[in-house]
Structures are given as C-alpha cells and as structure tokens.
Amino acid sequence: VFRSGAVEDWCDKHGIHLDIVPGEAHWKIGTCENAIKGVKSVMDKLSLYDMELSPREALAEAVASFNHKELIRGFSPAQHILGQAPDETGRFLAACQQLPPDLLVENAHGEFARSVKLRAEAEKAQSDWSAEQRTQRALHSRHRPCFNYRPGELVFYWRTQEANKSRRQPGGKHGRFLGPARILATESRTEEDGTIRPGGAIWLVKGRSLLKACPEQLRRATHREELIESLAEPSTQQVPWSFHAVAEQIGGNRFEDITAVPEVQEWHRAKNPAEEVQPSRFRFRTKRPAEQALEPLEQEPREDVMEDDPGEQGAAVAIEIPMPETNRGSKKAWEDLGAYFTGSLKRRAVELSEKKMTHAEREEFRGAKATEVKNFIASNAFHILPDHLKPDRSQAIHMRWILTWKLRDDGTRKPKARAVLLGYQDESYAHQATTSPVMTRQSRQLLLQLAAWKRWSVKKGDVTGAFLQSREYPDKLCCVPTPEICEALNIAPGSITQVRRACYGLVDAPLEWWRSVDTFLRSLGFERMWADSCCWVLRQEGILRGVISGHVDDFLFAGKSGDRIWESKLEAIKTQYKWGDWEEGKFTQCGVVVEQTPEGFELSQPHYLDGLHEIGLNATRRKDRSSPTSERERTQLRALLGGLSWHAQQVAPYLAAEVGMLLTEVSRSTVETIIKANILLSQAKGKSSYKMKIHSFNAEDLLTLVAWVDAGNANRSDGGSTQGIFAGMSTQAIHAGEVCGVSPIAWHSQKIDRTCRSPGAAEAQAAINGEDSLYYARFQWSEFLYGKPDLHQPDEHVKKTGGCLVTDSRNVYDKLDTEMLVVKGAEKRTNIELLALKEAQWNTGVSLRWVHSEAQLANSLTKSNGQREYEMYVRMGHQ
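Every letter in the sequence shown is one number past the one before it in my numbering, and letter 651, counting from 1, is 644.
Here is the structure:
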C-alpha cells in the first residue's frame, strides 16, 4: 500500500520526500524508533513517580515533554509546527486579559501543583534520556562501510528466521547466512545536486524466488563458495549469466521480503566458519558436462596409458569416504583432503565381523588368516597332546580371531588377522606376574645424548610378531586353537593342545618376551643396567661399544658405525628375530619423531596434536562461565587434557604445569575450565613446530647434569602447591656462568605431597625432590660410562658425574650455602628436610647455584601461562 500512486502524489503535492526502505532495516528509521523508545522510558519513570497515574496521562505528558523540550535545528517540534512555545499550562492560546496561569485553573493548590510537578518530572526524565542518547551515540560512533554491490554478483544473505523455524529457538543461534543468491538489481537515489548513490534495497534471485534485502545483510561469496556453486549446478555453466536468464527462473509471484540488519556480534559469528554451517557439498550422480576449451589443441595419446584395457575390472578403483557432518569436521577436512582421506581409512581399522563381509572380503581375510597360521606353526606355539595326557575341556582356554583393515603406505588397505588367546579364562590369571619393564623417557634421552656425544649412529628396529618369538612358555597351559590352526596341525577341530609360546592375549606375554630378550642379549655379552632393566650395554675390555634399549617390540640401537664388534652383535640380533624395517637417520619411536643431525638429535611430534580437538560450547553456555560441567563434558575434558599431558611428557615441558593444574579442576570443573583447556590446545598447536634438541657437544668435553627447581605456593584450585624440576645435560663450563647448550634429560611438574605453610617451604620441597631426580640421572649416566655400580655404596658411583642444583629462592640458597645448617625459625620441619640436601652436598658433591627468576628454567613448570622462560630457552637454541 505504501507504493500506491496516491501516496506518491500526496507526498509530491506537499513537498515531502518519500523514500522506501526495507521493512526490517531498522537503522534507516532509527530516529523514529528511538523516539518511541524514549517515550516508553519517560512513561516508565512517570509511572514510578506516581503510581496512580493512568497510561493515557503518562503518554500525554511524555509526548508533550518531547514536543516542547527536544531541540531539532534550534527549535522544538512545537515551534516548528505552531511557531511559538507553550505557556506554563502547556497551552498555545494567547493569554486572556493577561491573567496569571494559576487563575485559569479550577484548583490552584491541587490540580495546578500536581500538573506542574508531573510536567517537571517528565521534563527531567526526557532530559536524562536525551543526555544518555548523546553519550551512547558518541560511544558507538564509527564509520559505516561503503557497499558497492553490482548486478550479477553471487552473495549470501543473513536471515534471523529460517523457513519453517521459529525466530528464537531455545539455545539456538540468532541467525545465519543463507544462499548463495544472485543480485538482480540495486535501487538508487538521486541527491539534490544530481548525483546518484546506492539506495537501501537490493533485489536477489535464489532459485525461483525473488528476495528483497538491504546491503548491510549481504556478504560476497568467497572464491571457494563460487567454485562449489558452479560445480553444484553444472547446467548454469551452459550459457553465460544474463538478466533475462535469471528473470526467467523466477517462478510465479514468489516474492519474499527478507530485509533485516544483523547485529555486529551476529554478523561476525555468522561469518566464522567454525561457528556457522557452511554450504553443503554435493555428490555428482550424473556425468558433468565437458568444459569448452579456449582453443582446440591436438594432443598425443600416452602409450603407457593406452596399454591398459579400460574395460578390465582392475582398471578403475572407487573409494567413497563420507564427508563430516559437523562444522569442525568439515573445516578440518577441507584444510587437507588428503590427510582426511588417509585418516578416515585409518579409523576404519576397527574389528570386523565375518558375517557382514562380502564374499570378496572373506576371501581376502582367508589369506590373512593363513599368514597368521603360518606364524603360529613356524614358532611351534602349540604342542599336540596324546589323548591320555589331554586335560578336561573346562581346564583349557579358547582362542578367537581379531580382524581389521590395515593401511599401507600407498593409501590402500590390506586385511590383518590376529589370533589371540582368551587369557582371562586361565584359572591362574590372578596369580600371574604381569609387571613388564619398558624403556623410560630418561633412558631415551640419555641414550640419544650418549650417541650424540660419541658421534654414534642410532638405528630403530621393530620386531614382527614379537610374543611368538619369545622363549618356551614355562607354565603348563592348554588351549583349544582356532579351526584354521587345527587344520594346519592336522588335528580335529576343537582339539586340546599345550601352549609353548606366550601368545597374544596372555597377561604375562609381555613379561615373557622381556625375559627372552634379556636372556639372549646377555648371552651375546651385553650387560643389563641397574638403572633401567630395558637398557643393555656392550662393554669390551672396559670400552663402551654400544647401547640397546627397548620398549616392548621397538628397539633403539646406538653404536659406532664400522665397529666390527658392534656390527657382529647387530647381525646376531637380526638373525635371532624376525624384524620389520630398520630405520636410521629419521624414525618414529613411541610416537616421537627422532631425527639425527650433525648437531645432535631433534625430537618432535609435528602431527600428534592434529588428533586433538576443542570441546564444543554454544554461545549461551560460553557466557555462563561459572556453570558446572556435565558428565559428558568432564569426560571430554579428561580426554583432551590426557592427550595434552602425553604431549607435555614427551616433547613439550612448557605445557606440563597448565595441564596439571587443569587436571586438578576436572572433578569440580566449570565452563571456565573448558575454555582454558581449549585455549591451551590452541597454544599447543601454535607451537607444534617446536623441536627438542639433544646437543652433541665436543668429544673432549666433560659433561655434567644440572637440575633447575622451582615451586608455586598454593597455586592450585585445591590449595596445593606445584613443584617444577628440569634436569639437563651440559658441560662443566656452565658452573662458571657461561652460556652453554643444555640437553633436556628429565622434567616434572606435579603437586607437592604435603601442604606448604609458606613459599619458602614449597621451594624447599622442590629443591629436595629435584636433588632426588638429579641423583637418579647422575647414577644412570655414570652406569653408562663407568659400568656396574656397587649398590652398597651408590654415592661413590654418583660422584663420578658432576651435579648442580639451581634455585631462585634466597631462603633455600642461604640455608644451604653455609658450613652447617641450623634448625631454627618457624619452619623447623622444612629445615630438617633440608638436611637431606645438605648431606647430598657432602656425600655426592652436588653444588648449589642461585639465579634470578627470569633465568629459572623450571619456572615454566610451576605457573600457569609461565612459558616465557622456556620459549627463550628454545629461541636461544636450547642454551
């Protein structure tokens, strides 16, 4: 109705400029809406002033106050219309016989006084409202973007209300970008000087619908979105875009006015791909039309391609991987489609059921089973028992198959079949020894440090089917093999046999494997270390030839290349067991990428954090940070922090303190805890390129161990204190204050066992525990270099390697930097505990140094957001 000719004629007749604006573009009529809002505000204050005031009277006073007091171009609205200001009673009539206003009313003391007070209250409320509006306009003043949309552009339009959905759903978002749509036309307006500028409405075409929008609710389609649109609608590529082609697509009278200006927060949120649903991907089920070439080019066919017959079944391969349905998953997939494709195939490596397999898949797994059966037969894993020696069937355990897909290096998959014993059926299950030693992180660091210092090469080997290559199983255990194994043994299915190898599934299989390796290596002349049972050293005539360390079936071999004795031992080891690929120079050991360089070794986990994701929070929940977490969120929080904890333990010490503190909060966590964990993950991913360096040093340098210790008093949510210990290997020059390279050997960030009364008590506890870790590292390094220790006098062995304790606590340093420690003061228990550290100074020769806080490397292991010292350490090349 507002576009009728009568309205336009009436406006032209009276000199009124008529401008049609979008129906929901509220900022274009902001003056009118603010006037209504101001009238309501004044009415509210008048109602509070006079509880008996009727709505009609309140509205009259509010409107009168705005008409008489608000100034527009120097005059009030009443003066603009009537040419004069009202009198004291609000009337515009000339004074009758110059009588005072109080004589024009019936009751001067009641009605007049009430009217004056009410008018004064209304004028005060109006004045306050006007002042507030001026302040708000000043605070929110900013430049407006200049929109220059042209017909034919592909855009997305913002909608508050989607089709078939309510405007505000509980817990839902307030709007989103829909589209894409094509711009059909833009309205414009002519200024008084004749210039033409863009108007307030843009007409869009989407499908068969004509949409009206304002420029503020549009955004241009990105290059990727344009490509997706062009691929999704191949028919539109047959002819170039034109007004006639778009107009013909509009169906009937389908018109929708979608004009609405989003808020700034909504605008930025909807443009963020991580928080907004992006355009759907389409799968083509028909053949795409061929693109028209610019010039016909004569191409020569490749002979190698023409050799294969395209009609053969093996000439075409199709693998379908479904795209993720979530925003986060879609974003991650589009960042690297190759990595997503590979990861999807890896996630398919879960246990399969033969009942759900196709005939071809069953044939593939039949071959995989045959390979596994050969391994069992070759290792003599089972002994056929005569009938008179077979026990009762209830005393025998059973076996089962575990079938999975394994991904090859070229991206294809192959079937993998593993036959396992049901070890839980063993009656002596609860009495079996299950503790199996594995290589510690400190052993790995010291082995690499030793190899770098002596210029040795390090090789990594992986034993294939390790448990089946262990020694003969010492216990008498009977089992019923799978039908396939029974067939290979030429016995009836379901027959009872005796187990002769520690097969997969037995609780003591890892321990039996370690016993087998230990027995064999010692037979070759290796010595098992006391400091780590999974480390063996080869020493000939007092000369260290090499070191072997193992983590179940992954082994590290460090020795001098070309050493005849060392090479002969390696050949004997390769002959004894069946190995996979041997790697050297760069390899992955227990999830850590180890790369040998001329300067030493570099350790990193460049892709580990790709598998960790932030915990999702909607906008409503994110605002209430004090809200407690749900059980599902606590489970996600434990998983996220557990993943970060593993990364911190392996190559990222700077994350250890923050992860430990957040783990303390999990049981009573809030939304704030989740946000902190998400921020920590983001920071960790930003530093995933960090590499931990092991320095080679000079061959003639005498190496020493240094431990930095620090503590944070009562900095945990439960009131506990945090200790940080960082032990590193360096040269003797560091004792003189020189800047030297430091190789990380061990690091810890954990809660102090007991409650500390003061920061000095916390620092003392950290120093005592730090010296304990330093003692163990010195003991192991001395065993590497000087052989077996005298366990009755371990201090004599430890003294062979220098040790230094570094603290930034003047309290601890002053007490220990004396001839005798005197127990006095309020912290007597702390002083008594420091006596152990004083004894270490006498017995093992550990020295003590004080540094300022910025040089305290362990500071990053005790405080939240205290990563500055470690970052400086990394930037300086681990010095």
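The C-beta atom is built at its ideal place from N, Cα and C for all residues, glycine as well. Remember, predicted model here, so these are calculated numbers, not experimental data.
Inter-residue spacing [alpha-carbon to alpha-carbon] between residue i and residue j
i      : j      : result
Gln210 : Ala115 : 38 Å
Leu673 : Glu862 : 17 Å
Gln230 : Glu222 : Unreliable placement is indicated for Gln230, whose pLDDT of 46 sits below 50; the coordinate value is still reported in the next sentence. Looking at the two C-alpha atoms, the distance is approximately 10 Å.
Val586 : Leu224 : 41 Å
Ala174 : Phe149 : 6 Å
Ile74  : Phe140 : 37 Å
Gln602 : Ala206 : It is Leu, not Gln, that sits at residue 602 in the sequence shown. Going by the C-alpha atoms only, they are around 43 Å apart.
Arg66  : Gln77  : 15 Å
Glu365 : Pro474 : 13 Å
Asp783 : Lys469 : 39 Å
Tyr497 : Arg627 : 34 Å
Gly679 : Gly870 : 19 Å
Arg247 : His7   : Residue placement at Arg247 is poorly supported in this model, since its pLDDT is 46, which falls under 50; the coordinates still yield a value, given next. The straight-line gap from Cα to Cα measures roughly 35 Å.
Whether residue i touches residue j by CB criterion (7 Å)
i      : j      : result
Asp501 : Gln589 : no
Val540 : Ala524 : no
Thr794 : Arg771 : yes
Val456 : Trp559 : no
Phe719 : Leu850 : yes
Ala214 : Leu147 : yes
Ala890 : Ser714 : Limits of the chain in this structure are -6 at one end and 872 at the other, which puts residue 890 out of reach.
Val816 : Asn804 : no
Ser723 : Val732 : no
Ile738 : Leu830 : no
Trp449 : Phe690 : no
Leu605 : Gly555 : no
Ile189 : Thr179 : no
Ser620 : Val659 : no
Lys383 : Ile484 : no
Leu634 : Leu648 : no
Closest by C-alpha distance to residue i, when choosing among the options
i      : options                           : result
Val644 : Gly552, His600 and Thr475         : His600
Leu854 : Gly609, Asp703 and Thr663         : Asp703
Glu764 : Thr715, Gly753, His790 and Trp701 : Trp701
Arg493 : Gly578, Ala371, Glu576 and Phe580 : Ala371
Ile29  : Glu1, Asn60, Asp694 and Asp12     : Asn60
Gly609 : Pro591, Pro384, Arg386 and Asn671 : Asn671
Asp574 : Gly8, Ser516 and Lys452           : Lys452
Leu698 : Ser134, Pro79, Gly730 and Val839  : Val839
Arg169 : Trp151, Glu184, Arg182 and Thr183 : Trp151
Simplified DSSP assignment, three categories, for residue i
i      : result
Pro476 : helix
Asp703 : strand
Asp37  : helix
Leu517 : coil
Met350 : coil
Cys25  : helix
Trp740 : strand
Cys496 : coil
Thr397 : strand
Phe369 : helix
Ala524 : coil
His728 : helix
Phe550 : strand
Ile608 : coil
Pro384 : coil
Thr663 : strand
Tyr910 : This structure gives no information on residue 910, because the portion of the chain shown stretches from -6 to 872.
Met865 : helix
Ala829 : helix
Phe140 : coil
Glu624 : helix
Met432 : coil
Neighbourhood of residue i by C-beta distance below 7 Å, restricted to the same chain and skipping five residues each side
i      : result
Arg393 : Val413 and Leu415
Ile395 : Glu344, Arg411 and Val413
Phe519 : Trp529, Val530, Leu531 and Ile541
Cβ-based neighbour list, residue i, same chain, cut-off 6 Å, excluding 5 preceding and 5 following
i      : result
Glu651 : Leu673 and Ser857
Gln462 : Tyr570
Asp441 : Residue 441 is actually Leu in this sequence, not Asp. Excluding sequence neighbours, Leu441 sits near Phe594 and Ile687.
Cutoff 8 Å; reference residue i; Cβ partners in own chain excluding five residues on either side
i      : result
Phe773 : The sequence shown places Gln at residue 773, rather than the Phe named in the question. Answer for Gln773: Gln435, Ser436, Leu439, Met522, Ala524 and Asp525, listed in chain order.
Arg278 : With a pLDDT of 47 at Arg278, under the threshold of 50, the modelled position of this residue cannot be trusted; read the value that follows with caution. Taken in chain order, the list of residues that qualify is empty.
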